Amino acid sequence: MPSQFTVNGGCRSRSRGGVLSMKRSPTDKDRVDDNIIKKLQEPVQAKRPMLGHVVPKASRSRVLPKNVKKSGGSSRSPILRPQGRTRDTNLNNPSNLRIIGGTFKGRRLSSPTSVYLRPMMGKVRSAVFSTLTSFGLFEAVAEIESDAVRKVRHLDVFAGSGSVGLESLSRGAREVTFVDLAKDCCEAVQRNLNICGVEGRGRVVNCDALVALRDPHSVGVMTTSGSTGDDVWGGGAYDLITVCPPYEEVVYADLLDALLNSDCCKEDTIVLLEYPVELGCLPHVLEANNNPGKKMLGLRNRKYGRTVIAMYIVSPSGRVPGADIRPEEFVNL
Numbered sequence: 133m134p135s136q137f138t139v140n141g142g143c144r145s146r147s148r149g150g151v152l153s154m155k156r157s158p159t160d161k162d163r164v165d166d167n168i169i170k171k172l173q174e175p176v177q178a179k180r181p182m183l184g185h186v187v188p189k190a191s192r193s194r195v196l197p198k199n200v201k202k203s204g205g206s207s208r209s210p211i212l213r214p215q216g217r218t219r220d221t222n223l224n225n226p227s228n229l230r231i232i233g234g235t236f237k238g239r240r241l242s243s244p245t246s247v248y249l250r251p252m253m254g255k256v257r258s259a260v261f262s263t264l265t266s267f268g269l270f271e272a273v274a275e276i277e278s279d280a281v282r283k284v285r286h287l288d289v290f291a292g293s294g295s296v297g298l299e300s301l302s303r304g305a306r307e308v309t310f311v312d313l314a315k316d317c318c319e320a321v322q323r324n325l326n327i328c329g330v331e332g333r334g335r336v337v338n339c340d341a342l343v344a345l346r347d348p349h350s351v352g353v354m355t356t357s358g359s360t361g362d363d364v365w366g367g368g369a370y371d372l373i374t375v376c377p378p379y380e381e382v383v384y385a386d387l388l389d390a391l392l393n394s395d396c397c398k399e400d401t402i403v404l405l406e407y408p409v410e411l412g413c414l415p416h417v418l419e420a421n422n423n424p425g426k427k428m429l430g431l432r433n434r435k436y437g438r439t440v441i442a443m444y445i446v447s448p449s450g451r452v453p454g455a456d457i458r459p460e461e462f463v464n465l
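If you use the working numbering, the sequence shown closes out at 465, no skipped numbers anywhere.
Okay, structure coming up:
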């Protein structure tokens with residue numbers, strides 16, 4: 133499916149026949165690298181070692197080669213496993229995932245038993261939610277019977293074990309919809325909702341991420357039309373959308389296209405997208421070609437090791453405190 137959006141990093145950009153292209157003046161400097169156009173449309177090569185929460189059972193008692201003399205300390209690193217792929221049945225999947233802050237701080241989370249995951253690191257989650265909090269997303273908007281009512285409806289795409297969405301609930305989000313294609317991941321999210329005692333504020337949808345974004349009504353990600361609504365699971369669009377995909381299993385152009393043209397986004401929706409440094413720097417401005425006037429503007433673009441977190445705001449109204457546009461962060465990584 134051709135991408136129906138245009139990138140704009142300060143230079144003039146256009147799309148011919150649905151295919152991304154760019155027009156640049158010879159004297160332009162610090163503009164979007166032309167290579168990003170090609171990279172966005174291709175699967176990215178971003179090999180990553182697995183984190184410590186997914187290791188073989190025998191990783192701490194592995195027999196060293198005969199020519200290696202043991203000198204104390206731990207054994208060699210665990211065998212590297214591909215993110216998102218099915219795990220061997222003879223390997224365990226211990227979880228060191230915990231909620232970083234909020235009501236459920238310190239709560240240990242369950243992990244899927246048959247899928248390798250590489251969830252957002254704790255220090256990254258902490259930094260991300262510090263920024264989101266500065267935007268006023270988790271402030272109480274009313275009090276009903278002494279309970280603070282918060283407005284944030286959060287869509288967590290590629291949820292995995294649900295650590296990002298659960299962190300949001302812990303910080304005070306009103307409700308979170310978790311989307312993942314792996315049934316085992318969905319079951320892990322449901323277990324974690326039970327662990328935190330917030331079954332009534334979390335909903336799990338087992339479906340493809342692109343389907344959830346492009347046709348949210350068909351899979352129950354959205355249950356009403358329009359950009360507002362007051363039913364328990366409804367409303368229309370979301371206030372916060374987080375997308376943390378397995379890098380090598382997605383095409384980022386498809387994700388960006390789906391986000392820009394999704395009914396899940398409304399005015400002032402904050403979109404967080406995790407991507408690898410191998411992809412290059414994402415553009416500061418993304419525009420929807422089939423929805424004139426709808427665009428995503430870059431708020432933050434921070435690198436944490438080889439992981440990059442980009443935050444955008446959809447068609448900003450100026451009513452989100454602290455959501456200042458920062459094009460300088462979308463020049464180089």
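Idealized CB from N, CA, C, for every residue including glycine.
Note that this is a predicted model, so its numbers are computed, not measured.
Contacts around residue i, its chain only, beta-carbon distance under 8 Å, and the 5 residues preceding and following it disregarded
i    : result
T265 : R303
G233 : S258, F261, E299, S302, R303
V256 : Y436, T439, I441
Short Cβ contact (8 Å threshold) for residue i with residue j
i    : j    : result
L391 : L465 : no
P368 : D395 : A small correction: the amino acid at residue 368 is Gly; Pro does not occupy that position in the sequence shown. Yes; because the gap between Cβ atoms is below 8 Å, this pair is in contact.
L269 : L372 : yes
F290 : A259 : no
V509 : C318 : This structure does not reach residue 509, given that the chain is present from 133 up to 465, and the question cannot be answered.
G343 : V330 : Sequence inspection shows Val at residue 343; the Gly mentioned does not correspond to that position. Going by C-beta atoms, V343 is not nearer than 8 Å to V330.
V403 : V353 : no
Y384 : L172 : yes
V440 : D400 : no
A305 : R335 : no
Counted within 10 angstroms of its Cβ, other Cβ atoms place residue i as buried (16 or more) or exposed
i    : result
S300 : buried
E73  : Since the first residue of the chain shown is 133 and the last is 465, residue 73 is not available in this structure.
T245 : exposed
G454 : exposed
M253 : exposed
S243 : buried
E406 : buried
G412 : buried
K170 : exposed
V273 : exposed
T309 : buried
N433 : buried
R438 : exposed
T235 : exposed
R451 : exposed
S206 : Annotation note: pLDDT 45 at S206 (below 50); position unreliable, no value reported.
When the options are compared against residue i, the one with the closest alpha-carbon
i    : options                : result
L429 : S449, D316, V330, R285 : S449
K427 : Y436, V440, H416       : H416
A314 : Q322, A305, C339, C328 : C339
V176 : T263, V409, S447       : V409
L287 : G329, S262, V337       : V337
C397 : D312, Q322, T374       : T374
C328 : V446, E174, K237       : K237
D456 : F267, P348, V382       : F267
Simplified DSSP state of residue i, which is helix, strand or coil
i    : result
A341 : helix
P348 : helix
L387 : helix
Y379 : helix
V187 : Residue confidence for V187 is low, a pLDDT of 38 falling below 50, so the modelled location carries little weight; the figure read from the coordinates is stated next. Three-state DSSP puts V187 in coil, outside helix and strand.
K315 : helix
K435 : strand
V336 : strand
T265 : helix
K467 : In the structure as shown, the chain begins at 133 and stops at 465. Residue 467 is therefore absent and cannot be evaluated.
F236 : coil
L372 : strand
A420 : strand
E461 : helix
Cβ neighbours of residue i in the same chain (closer than 6 Å, five flanking residues each side left out)
i    : result
E307 : R285, R333
L414 : A442
The ligand GDP heavy atom lying under 7 Å from the CB of residue i
i    : result
P251 : Within the structure as shown, the ligand GDP is missing, as the structure has no ligands at all.
Close-in-space but distant-in-sequence residues of the same chain around residue i (CB under 7 Å, 5 per side omitted)
i    : result
P251 : L229, G292, S293, S295
N324 : L241, S242, S293, G294, L298
N423 : N393
R458 : G430, L431, R432
A178 : Y379, E380, P408, E410
K435 : V409, L465
C376 : M252, F290, V296, E406
R239 : R230, I231, I327, C328
Y370 : R285, H286, L287, C396, T401
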